Each structure stands twice: as structure tokens, then as C-alpha cells.
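Written below as C-alpha cells is the structure these notes are about.
Number of protein chains: 2
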Amino acid sequence: MFSKTCEYAIRAMIFIAQKSKDGSKIGIREIAKGIDSPEYFIAKILQELGRKGVVQSMKGPTGGFYLDNSARKTSLATIVKAVDGDNIFSGCGLGLKQCSDKHPCPLHHEFTKIRKDITNMLNKTKVGDLQEELDQKLTFLRRD
Amino acid sequence: MFSKTCEYAIRAMIFIAQKSKDGSKIGIREIAKGIDSPEYFIAKILQELGRKGVVQSMKGPTGGFYLDNSARKTSLATIVKAVDGDNIFSGCGLGLKQCSDKHPCPLHHEFTKIRKDITNMLNKTKVGDLQEELDQKLTFLRRD
DNA sequence: TCTATAAAAGATATTTTTGTCTTTTATTTC
DNA sequence: GAAATAAAAGACAAAAATATCTTTTATAGA
Ligand code: FES
Ligand code: FES
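In the order they appear, the protein sequences are chains H and W. Here the first sequence stands for residues 961 to 1104, numbered as in my numbering. Here the second sequence stands for residues 961 to 1104, numbered as in my numbering.
Here is the structure:
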């Protein structure tokens, strides 16, 4: 469904939301541990998300990653788009160069329904909401 | 959603269903052209599907690929499972090692709904049915 | 039985994704 | 201002996915 990169990105965003909700910042090493991802790899991903303004960061001592109030309202759709592009939102399920109602592939009618559900789900789900459930220990970001 | 390999596999299966419905067989070169895929690559994929009994083939002159009556009833789920494994049917949307109700990731509740829809869709959709729509030119296997 | 044909099998190559390491830059604290 | 810290940037490496080519095997038909 999502690339590994995207899975890590979403997990990291929720983790950062949690660890920075009191205004503090969280380092890359702890993030990697918290979400069970390769340290250098998630660093690269967050760097890119930082450039796009999806996550905030500060260098130097006491520095690290955090989310400002507007970033907490980021939808998963925004993250997915930033990392994986928009193939999942508009691409053909059978890999035709273009998805189109006028020139549909054999799966088009069934696939667009699902694609719509996925899009709705990703649009309505915000990082901040997922972080709250995580806080209540109703959900988890890693599995040992 | 699906790997390139899987997209080609599904398209090829529908194409073979169409071209072999009169009992004839279809060669790899025509298949590659018909579904706009790399020739040697789809050959490898069909070889593997052949080993698994998902598609039928014959060597030699007048040889080629075809689908017997039972293969026409193959569901997309069978093809996807044969090619991509069962990650899409049971894997965690955020890439945790295990998807579980007891230890759910933040996306679990929303994701399992969609995963179920996908599973149902792939199970109920049969190659033969898609081929019929293709015959009526209601759908297409390539886009130029 | 010989020849031509077409898939199977095996080997190799390229590209993309995923993962790692090193150097540079910004920031804090002393 | 100097030292320590942590992310940014850039270079590199490994693995997986995608793609291509060559040789072998089975089959049909002359
Ligand atoms: S054309 Fe394939 S999903 Fe729309
Ligand atoms: S645990 Fe992630 S989808 Fe079930």
C-alpha cells in the first residue's frame, strides 16, 4: 500500500507529535528507537519532510524535531503525498499510464471506489488525533 | 497498491482469457504487445504462474498460453496472492511486523476496513468476468 | 526423423528502494 | 569566542524490483 519510507514517515510524525506535545523536542535517535526504524534512514525522511514544512526542527543542543500547532493538524494524506506522490490518490490500479472514466481498465469501476475510501480516510485522519489514541495506550507504534 | 509484476500479471491473465476463449493459444510476444508490458518480463511472470497452475501453456508450434475453464474462474485474489504474497490481505498498513487487534497500530481500525473491502473485491472479481467486459470494449488493457 | 517453433530455464543487467556513513552548518552553553 | 551538540547535506552501499538476453526442452508438422 505505502512505501517503507512512507510507513516510517507516518509513524515518526505521530511519535514526534506525542513527544513534543509539551513543547520539547525529540532527537533522531529516540525517534528511530520509538518507531523501530533505521536511524539514518528516518533522518533522511524527516529532513525531506522538514524542507516541505510538514515537520519542524532545530539544530544544536536542546534541538530536535517537533510539531507546531498547525503541523498537528496535518492529515495523513499530506504526508503520503509528500513521500509517495499522488499515485495512490489518482493512479490506475492495474498500472495503465492514466486512470480515466472514458478509457477505463478492467478494474476501474471497482478500484475507484476503494481509492475513494482510501483518500477519504487519509484526508480525515490527522496526526494529532492519532497521537491522542497513542497517549491513551490504545494503539502502538512498534511491535517487538 | 500492487507491484508492477502483479499489475502485468492481472492484465496478462485477462488478455489470455480473451484471446483463448475460442480454444486457441496466444504467444508471449502478442501478450506483451496487447498489455503493453516488457516482453521478457511478462514471460517470466507467466512462467511462474504456470508452475502454480494459474495459467496453462504449451510449447512448440501452435503453442502458447491459454486458460482452461477452471482458470477462467480464477479470482484476482488468487493472482495477487501468487505474485505479491498476502501482505495486502493481512499486513499492517503502517508496516508493523504483525497486524493485530490486540496490539493495533494507530491506523489499524481505519485500515482494516479498507483492507477488507479490497479483499472482498479481489475475491469476488474473476478473470472471466473482466474478460467479458473487455470483449464488449467497455474496458481496456492498455493506453497509448 | 528432421526442422521449425514457442515456452522453460538459467544467467545477467539495470533501476529503484532502502539503508549507512562522513562532513558541514546552526545553535546553545560555558 | 570556544566547545559541545544535533540536524542538514552529501556521498556511498546493499538489497530488491524490474528488465533483458541466451540456452535448453517440448511439440507440431513436413
Ligand atoms: S483506469 Fe485503471 S483504475 Fe482507472
Ligand atoms: S496493526 Fe497496523 S493495520 Fe493492523
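Cβ coordinates follow ideal geometry from the N, Cα and C atoms, glycine included. Quick caveat, the model's predicted, so the values are computed rather than measured.
For the options H:Asp982, H:Gln1007 and H:Ala1042, the alpha carbon positioned closest to that of H:Ser963 is the one of H:Ala1042.
Here W:Gly1088 carries a helix assignment [DSSP, helix/strand/coil]. Rounded to the nearest whole angstrom, the CA to CA distance from W:Thr1034 to W:Val1014 is 7 Å. Listed along chain W, the residues sitting closer than 7 Å to H:Arg1103 by beta-carbon distance are Leu1056, Lys1057, Gln1058 and His1063. Taking 7 Å as the cut-off, one finds at least one heavy atom of ligand 1 near enough to the beta carbon of H:Leu1067. Within the model, the alpha-carbon separation for H:Glu999 versus H:Arg989 is close to 6 Å. Within the region 1023 to 1037 of chain W, those residues whose Cβ lies closer than 9 Å to any Cβ of chain H are, in chain order, Leu1036. At a beta-carbon threshold of 9 Å, the residues of chain W lying near H:Glu967 are Cys1052, Gly1053, Leu1054, Gly1055 and Leu1056, ordered along the chain. Here DSSP, grouped into helix, strand and coil, assigns W:Gln1058 to coil.
Residue environment analysis places H:Gly994 among the buried positions, since at least 16 neighbouring C-beta atoms fall within 10 angstroms of its C-beta. Between W:Arg1032 and W:Gly1088 a beta carbon distance of about 4 Å is seen, short of the 8 Å cut, so the two are scored as contacting. Residue pairing by DSSP places W:Phe1025 opposite W:Ile986 and W:Ser1017 in a beta bridge. Proximity of chain H to W:Lys964 at the Cβ level (cut-off 8 Å) is accounted for by Gly1055, in chain order. Secondary structure note for H:Lys1033: it is in no alpha helix (DSSP H), with a DSSP letter that is neither H nor E. Within the chosen limit of 7 Å, ligand 2 reaches the beta carbon of W:Phe1071 through at least one heavy atom. In this structure, the alpha-carbon of H:Lys1073 lies about 30 Å from that of H:Lys1012. Sequence-ordered contacts of the region 1080 to 1092 of chain H with chain W read Met1081, Thr1085 and Leu1090 [C-beta pairs closer than 7 Å]. Neighbourhood of W:Leu1094 in chain H, by CB distance below 9 Å: Pro1066, in chain order. Taking a cut-off of 8 Å on C-beta distances, the region 970 to 979 of chain H touches the region 1082 to 1096 of chain H, as three or more cross pairs fall below it. Annotated three-state conformation of W:Gln1007 is helix, per DSSP. If you check the C-beta of W:Gly1053 against ligand 2, you find a heavy atom less than 7 Å away.
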